[in-house]
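S.K.: Got a structure for you, questions after.
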Amino acid sequence: MIRRVVRDLKKYNAYCLYAVRATLKSEVAGAYLNWLWWFLDPLLFMLVYTFIVQVVFDKRMPNFHIYVFIGLNVWKMFNGSVMASANLIRSSKGLLSKVYVPKFILLNTKIFVALFKMSVAFLLVFVMCAAFSVRLTWNLLYCLPLFLSLYVVTFGLSSIVLHMGVYFRDLSNIMSVLLRLVYYMSGIFFDIQSGVPQPYSDILLHLNPIAFLIHSLRQAVMYQSAPNLPVLLAWFLVGLALAAAGIRLTYRHENSYVKVV
Amino acid sequence: MNAIDVRDVRITYRTIRSVPLRQLLSNPRAKRDAFEAVRGVSFSVRRGGITGLVGKNGSGKSTLLRAIAGVFSPDEGEIDLHGHSVSLLAIGVGFQRELSGADNIYLVGLLMGLPLQEIRARYDEIVAFSELGDFIDKPVSTYSSGMYSKLSFSISCILRTDILLIDEVLSVGDAAFRQKSSEKLRELICSEERTVVIVSHNSDTIRSLCDQAVWLHEGRVRMSGDVQQVMDAYDAFTGKKKRVADAPPAPDAN
Numbered sequence: 004m005i006r007r008v009v010r011d012l013k014k015y016n017a018y019c020l021y022a023v024r025a026t027l028k029s030e031v032a033g034a035y036l037n038w039l040w041w042f043l044d045p046l047l048f049m050l051v052y053t054f055i056v057q058v059v060f061d062k063r064m065p066n067f068h069i070y071v072f073i074g075l076n077v078w079k080m081f082n083g084s085v086m087a088s089a090n091l092i093r094s095s096k097g098l099l100s101k102v103y104v105p106k107f108i109l110l111n112t113k114i115f116v117a118l119f120k121m122s123v124a125f126l127l128v129f130v131m132c133a134a135f136s137v138r139l140t141w142n143l144l145y146c147l148p149l150f151l152s153l154y155v156v157t158f159g160l161s162s163i164v165l166h167m168g169v170y171f172r173d174l175s176n177i178m179s180v181l182l183r184l185v186y187y188m189s190g191i192f193f194d195i196q197s198g199v200p201q202p203y204s205d206i207l208l209h210l211n212p213i214a215f216l217i218h219s220l221r222q223a224v225m226y227q228s229a230p231n232l233p234v235l236l237a238w239f240l241v242g243l244a245l246a247a248a249g250i251r252l253t254y255r256h257e258n259s260y261v262k263v264v
Numbered sequence: 033m034n035a036i037d038v039r040d041v042r043i044t045y046r047t048i049r050s051v052p053l054r055q056l057l058s059n060p061r062a063k064r065d066a067f068e069a070v071r072g073v074s075f076s077v078r079r080g081g082i083t084g085l086v087g088k089n090g091s092g093k094s095t096l097l098r099a100i101a102g103v104f105s106p107d108e109g110e111i112d113l114h115g116h117s118v119s120l121l122a123i124g125v126g127f128q129r130e131l132s133g134a135d136n137i138y139l140v141g142l143l144m145g146l147p148l149q150e151i152r153a154r155y156d157e158i159v160a161f162s163e164l165g166d167f168i169d170k171p172v173s174t175y176s177s178g179m180y181s182k183l184s185f186s187i188s189c190i191l192r193t194d195i196l197l198i199d200e201v202l203s204v205g206d207a208a209f210r211q212k213s214s215e216k217l218r219e220l221i222c223s224e225e226r227t228v229v230i231v232s233h234n235s236d237t238i239r240s241l242c243d244q245a246v247w248l249h250e251g252r253v254r255m256s257g258d259v260q261q262v263m264d265a266y267d268a269f270t271g272k273k274k275r276v277a278d279a280p281p282a283p284d285a286n
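Protein chains in written order, with the working numbering: chain A, 4 to 264; chain B, 33 to 286.
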């Protein structure tokens, strides 16, 4: 199977890259403010959350806007990818009934688009850190393994959701509820460590990969400290295992996908 | 030398339809009946040969064509293309509707396995042939159905693959384009290197273009070989049925 994955990756590499580029291009082509939306969208949501939490709920925290911005961006990428995968086969029916494409390649293009947008928005984090004199240290380099793990975990979960989505039409309804639950358990706009009583905060931070990754990213960017490396490695490996399981599922059943949808 | 070998291919549609959850809960053991669309078909097409697939609706022609194109693989048996690249010319080569026509040309080409440079080299020719003009930079979702099929036709004709599978689209677009496209198609089909499989109901088309015909009936090969012989038999079969259908209603006996 590994050989087949490598062969498919090589063969469809050019397609994947072109599709990502074309999708990004088409998304901004129609809008007035073009690619500015990639910054504006998370920025505006940041303002909404900052207003709600700091003004309405009167919870003060230094540099809360950067804090929530990091969380929102990671969440948007994860949420978008998983939701898209539930309907991916159905929505690419036109393509799939005409030509063979390995299904995980399609998923990869979706995730790469989301990753790209997230990376662009992350540039703003550094700008804001500089503007609000948050000290940046070498711990910043931990962002790279953290992003990599985020990609692997997102891909792994999405590939399994993709497979189930073919057979269960209501999966996207169920997923949106489930994801909403995960959203509130990921500490996007509050601090799990100080806001959730023990032992639940540790459980959340270790067992919810998104909570863990968001928390670690904040640690690396805003608080100059390293992530919990064993947990990071563990989630990276779990992500790989999920991805392998997902690709295996799609390989085994992709023959019937076109016939079902 | 053969370009396509189809050996004892069987393709089954299992009706594991995608179900709403409620149905799954109330009736978890819903009967999963299987429908065998292609039941043990074998034939070969030599390199450069033109083969017609005929048969009435539901005889498994399109399913077989899609299996040859690799959209799904056969449940049993084997389809060997000897490493040739293949494209399925059906209405719409698989566009991503939110992307522009130009991007779709590249994406379709890349999925056919062509290198980017080759697509770039033929890009202008495709746009010119499709007569889309400035619309090529607009999203495919804004196209009229005529423009859609013109673009799709132009791509499959101009981006060359070794094997061309044609599914009932010998005429697309308006009258002028139809003439141009059928000339182009003839030129393509008749080129020596290209192997072509055509699915059609029109026996005149098959007779004039193909050198071999395969008649599928209920998922099996009813007859195959020389195009004139097969088509004579097929016409006799369908003609007879037509005469029965066209027979004037029995006079009312009051």
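A virtual CB, placed ideally from N, CA and C, is assigned to each residue, including glycine.
A quick note: this is a predicted structure, and the numbers were derived from the prediction, not measured.
Near B/V159, which residues of its chain fall below 7 Å by C-beta distance, leaving aside the five closest residues on each side in sequence?
M.R.: Taking the second sequence and counting its residues from 1, one reaches residue 159 of chain B at position 127. Answer for B/V159: I168, listed in chain order.
S.K.: When we look at the beta-carbon of B/D278 and count the other beta-carbons within 10 Å, is it buried (16 or more) or exposed?
M.R.: On the second sequence, residue 278 of chain B is found 246 positions in, with the first residue counted as 1. Note that B/D278 has pLDDT 48, beneath the 50 cutoff, so the model's placement of it is unreliable and the number below is only indicative. When all chains shown are included, B/D278 counts as exposed.
S.K.: Between B/D284 and chain A, is there a C-beta pair that is closer than 8 Å?
M.R.: As a first step, residue 284 of chain B is located in the second sequence; it is residue number 252 there, counting from the start. In this predicted model, B/D284 has a pLDDT of only 45, less than 50, meaning its place in the structure is not dependable; the value taken from the coordinates is given anyway. So, not an interface residue.
S.K.: Could you pull the start and end residues of the alpha helix (DSSP H) that A/T112 belongs to?
M.R.: To locate residue 112 of chain A, count along the first sequence from 1; it is residue 109. Run containing A/T112: 106–134, per the alpha helix (DSSP H) assignment.
S.K.: Can you confirm whether B/N128, when its beta carbon is compared against all beta carbons of chain A, has any partner nearer than 8 Å?
M.R.: Looking up residue 128 of chain B in the second sequence gives position 96. It is worth fixing the name first, because residue 128 of chain B is Gln in this sequence and not Asn. Chain A, which has a Cβ nearer than 8 Å to the Cβ of B/Q128, makes this yes.
S.K.: Can you pull out the residues from the region 144–162 of chain B whose beta carbon lies closer than 9 Å to at least one beta carbon of chain A?
M.R.: Taking 9 Å as the Cβ-Cβ cut-off against chain A, the residues of the region 144–162 of chain B that qualify are M144, G145, P147, L148.
S.K.: Just checking: is the beta-carbon of B/D40 within a distance shorter than 8 Å of some beta-carbon in chain A?
M.R.: Position 8 of the second sequence, counted from the first residue, corresponds to residue 40 of chain B. It does not: the Cβ of B/D40 has no partner Cβ on chain A nearer than 8 Å.
S.K.: Is A/S162 closer than 8 Å to A/I250 when the C-beta atoms are compared?
M.R.: Working through the first sequence from its first residue, we reach residue 250 of chain A at position 247. Working through the first sequence from its first residue, we reach residue 162 of chain A at position 159. Result yes, Cβ atoms of A/I250 and A/S162 sit closer than 8 Å.
S.K.: Going along chain B, which residues have a C-beta under 7 Å from A/L12?
M.R.: Residue mapping note: residue 12 of chain A aligns to position 9 of the first sequence, counting from 1. Chain B residues near A/L12: none, gap ~14 Å exceeds 7 Å.
S.K.: In whole angstroms, what is the alpha-carbon distance linking B/D40 and B/S74?
M.R.: Residue numbering aside, residue 40 of chain B sits at position 8 when the second sequence is read from its first letter. Residue numbering aside, residue 74 of chain B sits at position 42 when the second sequence is read from its first letter. For B/D40 and B/S74, the distance between alpha carbons rounds to 5 Å.
S.K.: Taking the alpha carbon of A/A25 as the point to measure from, which residue in A/S197, A/N258, A/F193, A/F115 has its own alpha carbon closest?
M.R.: Within the first sequence, the letter at position 22 stands for residue 25 of chain A. Nearest option by C-alpha distance: A/F115.
S.K.: Could you check whether the Cβ of B/L191 sits closer than 8 Å to any Cβ belonging to chain A?
M.R.: In the second sequence, residue 191 of chain B corresponds to position 159, counting from 1. So no, B/L191 is outside the interface.
S.K.: Using a cut-off of 8 Å between C-beta atoms, extract the partners of A/T140 located in chain B.
M.R.: Numbered from 1 along the first sequence, position 137 holds the residue referred to as residue 140 of chain A. Those do not exist, as A/T140 stays about 42 Å from chain B at its closest Cβ, beyond 8 Å.
S.K.: Does DSSP put A/I191 in a helix, in a strand, or in coil?
M.R.: As a working note, residue 191 of chain A is residue 188 in the first sequence. Note: A/I191 maps to coil in three-state DSSP.
S.K.: Rounded to a whole number of angstroms, what is the C-alpha to C-alpha distance between B/R275 and B/A268?
M.R.: For the purposes of this step, residue 275 of chain B is identified with residue 243 of the second sequence, where counting begins at 1. For the purposes of this step, residue 268 of chain B is identified with residue 236 of the second sequence, where counting begins at 1. A caution first: B/R275 carries a pLDDT of 47, below 50, which makes its placement in the model too unreliable to give a value.
S.K.: Which same chain residues, not among the five before or five after B/P171, have their C-beta less than 6 Å away from its C-beta?
M.R.: Counting from one through the second sequence, the residue named residue 171 of chain B turns up at place 139. Taken in chain order, the residues that qualify are E130, S132.
S.K.: Closest Cβ-Cβ distance between A/K79 and chain B: below 8 Å?
M.R.: Taking the first residue of the first sequence as 1, we reach residue 79 of chain A at position 76. Output row for A/K79: interface = no.
S.K.: Go through its chain and collect everything with a Cβ distance to A/G190's Cβ below 6 Å, but skip five positions before and after it.
M.R.: By one-based count along the first sequence, residue 190 of chain A stands at place 187. Answer for A/G190: A214, listed in chain order.
S.K.: Below 8 Å on the Cβ atoms is my contact criterion, and I expect B/S94 with B/E250 to pass it. Report the Cβ-Cβ distance as a whole number of Å.
M.R.: What you label residue 94 of chain B is simply residue 62 of the second sequence in a count that begins at 1. What you label residue 250 of chain B is simply residue 218 of the second sequence in a count that begins at 1. Incorrect: roughly 14 Å between the Cβ atoms, too far for contact.
S.K.: Report back the beta-carbon spacing between B/M144 and B/T193 to the nearest angstrom; my notes put them in contact at under 8 Å.
M.R.: For the purposes of this step, residue 144 of chain B is taken as the residue at position 112 of the second sequence. For the purposes of this step, residue 193 of chain B is taken as the residue at position 161 of the second sequence. Confirmed, Cβ separation roughly 6 Å.
S.K.: Count the other CB atoms within 10 Å of the CB of A/S152; is the residue buried (16 or more) or exposed (fewer)?
M.R.: To locate residue 152 of chain A, count along the first sequence from 1; it is residue 149. A/S152 should be labelled buried.
S.K.: Taking the alpha-carbon positions, what's the B/P283 to B/T270 distance?
M.R.: Taking the first residue of the second sequence as 1, we reach residue 283 of chain B at position 251. Taking the first residue of the second sequence as 1, we reach residue 270 of chain B at position 238. Caution applies to B/P283, whose pLDDT of 46 falls short of 50 and renders its modelled position unreliable; the value that the coordinates give is listed next. Their backbone Cα atoms lie some 25 Å apart in a straight line.
S.K.: Using the Cβ count rule (16 or more neighbours within 10 Å means buried), how would you classify B/Q128?
M.R.: Here residue 128 of chain B refers to the residue found at position 96 of the second sequence. Label assigned to B/Q128: buried.
S.K.: At a CB distance below 8 Å, what residues from the region 54–88 of chain A approach chain B? Give them in sequence order.
M.R.: Against chain B - using a Cβ distance shorter than 8 Å - the region 54–88 of chain A contributes no residues.
S.K.: Identify whether A/R251 lies in helix, strand or coil by the three-state DSSP scheme.
M.R.: Stepping through the first sequence from its first residue, residue 251 of chain A is reached at position 248. Three-state result, A/R251: helix.
S.K.: Could you compute how far the alpha carbon of B/L196 sits from the alpha carbon of A/L216?
M.R.: What you label residue 196 of chain B is simply residue 164 of the second sequence in a count that begins at 1. What you label residue 216 of chain A is simply residue 213 of the first sequence in a count that begins at 1. For B/L196 and A/L216, the distance between alpha carbons rounds to 49 Å.
S.K.: With H, G and I counted as helix, E and B as strand and the rest as coil, what does DSSP make of B/V253?
M.R.: One-based indexing of the second sequence puts residue 253 of chain B at position 221. In this structure, B/V253 counts as strand in the three-state DSSP scheme.
S.K.: Just to confirm the assignment: which complete alpha helix (DSSP H) runs, minimum length 4, are found wholly within the region 137–182 of chain A?
M.R.: You should have 146–170.
S.K.: According to DSSP, simplified to helix, strand and coil, what is B/L220?
M.R.: As a working note, residue 220 of chain B is residue 188 in the second sequence. The answer is helix: DSSP assigns B/L220 an H, G or I state.
S.K.: So within the region 190–244 of chain A, which uninterrupted alpha helix (DSSP H) runs reach at least 4 residues, ignoring any that extend past its ends?
M.R.: Whole alpha helix (DSSP H) segments, 4+ residues: 195–198, 203–210, 212–225.
S.K.: Taking 8 Å as the threshold (C-beta atoms), are A/V156 and A/W78 in contact?
M.R.: Here residue 78 of chain A is taken as the residue at index 75 of the first sequence, counted from 1. Here residue 156 of chain A is taken as the residue at index 153 of the first sequence, counted from 1. The answer is no: Cβ separation not under 8 Å.
S.K.: If you draw a straight line from the C-alpha of A/L39 to the C-alpha of B/I190, how long is it?
M.R.: On the first sequence, residue 39 of chain A is found 36 positions in, with the first residue counted as 1. On the second sequence, residue 190 of chain B is found 158 positions in, with the first residue counted as 1. Straight-line Cα distance between these residues: approximately 38 Å.
S.K.: Per the DSSP calculation, A/I55 is bridged to which residue(s)?
M.R.: As a first step, residue 55 of chain A must be located in the first sequence, where it is residue number 52. Beta-bridge pairing links A/I55 to no other residue.
S.K.: Indicate the three-state DSSP secondary structure (helix, strand or coil) for B/Y287 in the structure shown.
M.R.: In the structure as shown, chain B begins at 33 and stops at 286. Residue 287 of chain B is therefore absent and cannot be evaluated.
S.K.: Our contact map puts B/E163 next to B/K182 with C-beta atoms below 8 Å; I'd like the distance itself, whole angstroms only.
M.R.: Residue 163 of chain B sits at position 131 when you count from the first residue of the second sequence. Residue 182 of chain B sits at position 150 when you count from the first residue of the second sequence. So it is a contact: roughly 6 Å between Cβ atoms.
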